[in-house]
Structures are given as C-alpha cells and as structure tokens.
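Participant: Before we start, here is the structure in question, set down as structure tokens.
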Amino acid sequence: MLEKNNIRLRAVEHEDVDFILRMENNTSLWGISDTYNPFSRLDIEQYVMLANKDIYSAKQVRFIMERIDNNKSVGLLDIFDFDAHNKRAGIGVVVLESERNKGIAGTALDIVVDYSFNHLNLHQLFCNIGSKNIVSLRLFEGKGFLKVGVKKDWTFKNNKYDDEILLQLIN
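Counting from 38, one number per residue, gives the positions in the sequence shown under our numbering.
Below, the structure is given as structure tokens:
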C-alpha cells in the first residue's frame, strides 16, 4: 500500500468522477495546471476509464490522496512525463483548500518519492512551480528538491508574466 501516517495514495476509481471534476474545474487552480477551459463530466468519465493504464504505456499516473481515518479524498497527485529510458518523471500535487496546512502534501510527496525511486527505479523527479507560489516552493525544497533553473516570463496570468522555477530531486 502507498500510505504513510494518515494519508493513502490510491488508484482513481469511477466513484472519483465528481471529486476530480470539482478539482479540475476549480478556476483558482487553473494557473498551476495550464487549464484554460472547464472539463465536462464526459471528459472526466472517459479519463477515469483510461486512468489506470500502465505507467510505462500511458507515461503518467494519477493518484487520489485520501485520509485513511475517514476515507475522504483530499487531493490529487500526478506523475507525468514518465521517461523509463532516462529514469525520470514530473510530479504535481494539489490539495483541497479546506485540507491545506495539515501536512497532507508533504506526506503524499514522501510516499510518491519512495514509490518512484524504490518501485519505478527512477533516477530523478522534477517539478515546475511559478515563482510566486511560495508555499509550493517551500514544500518541494523542504523535501530535498533543488532549484536548478528559471524559465523567465514563462506564464501569463492577471496581465503579468511570472517566472517558472524548475526543481529536481536526484536519487
């Protein structure tokens, strides 16, 4: 099982459609996910039907972050841009606003780092974070990720450009 403390990472189930739809269509999160249009229920249902394909063929996997004590879904964690040859992948984490500042994202990161390095045999993980997203930068740096690059004026939001920071964790 992919669990630690009170957090479990589990596969996406059909019952998660409403939760994923709510998360994906939350416009306050669109800036971190490069989403520009809302998803339909059908979009998410089709995604869920294909979500549990093998990471080696799909090149990505999504986990539901769930509290063990009450089985409540509290966030999403994605492994994306999976590259088996170069042994690397990207990581993305989002937690429900009501569940933030409780250590959930940090625990989920601990779980996925262990899974990635010890089960997928990856050499490195990376993430891309907007320079103004201080909370996420602190989270990843606190887990040992190092800033290795800056993409200048990478994203355009609220009529302003923002840099994007590339962080890596090497096993």
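All C-beta atoms, glycine included, are put in the ideal place defined by N, C-alpha and C.
Could you tell me the distance, in whole angstroms, from the CA atom of L66 to the CA atom of E201?
Facilitator: 16 Å
Participant: Does the Cβ-Cβ distance between C164 and L133 come in under 8 Å?
Facilitator: Their beta carbons are not under 8 Å apart, which means C164 does not touch L133 by this criterion.
Participant: Look at Q97 and F119 and say whether their C-beta atoms are less than 8 Å apart.
Facilitator: yes
Participant: How would you write the range of the alpha helix (DSSP H) that G143 sits in, first residue to last?
Facilitator: 141-155
Participant: Taking only the alpha-carbon atoms, compute the straight-line gap between L174 and M60 and give it to the nearest angstrom.
Facilitator: 21 Å
Participant: Please determine, among L113, Y93, V111, the residue with the shortest C-alpha to C-alpha distance to N123.
Facilitator: Y93
Participant: Count the other CB atoms within 10 Å of the CB of V130; is the residue buried (16 or more) or exposed (fewer)?
Facilitator: buried
Participant: Helix, strand or coil for I166? Go by DSSP, reduced to three states.
Facilitator: strand
Participant: From I105, F100, I57, pick the residue whose C-alpha is nearest to that of S153; which is it?
Facilitator: Answer by Cα proximity: F100.
Participant: Who are the near neighbours of L159 in its chain, counting only those whose CB is closer than 7 Å to its CB and skipping five residues on each side?
Facilitator: K124, R125, A126, S153, N208
Participant: Determine, using beta carbons only, whether G179 and G143 come nearer to each other than 8 Å.
Facilitator: Yes, the pair counts as a contact, with Cβ atoms nearer than the cut-off.
Participant: In terms of alpha-carbon separation, which member of L46, Q83, N62, A88 lies closest to K109?
Facilitator: L46
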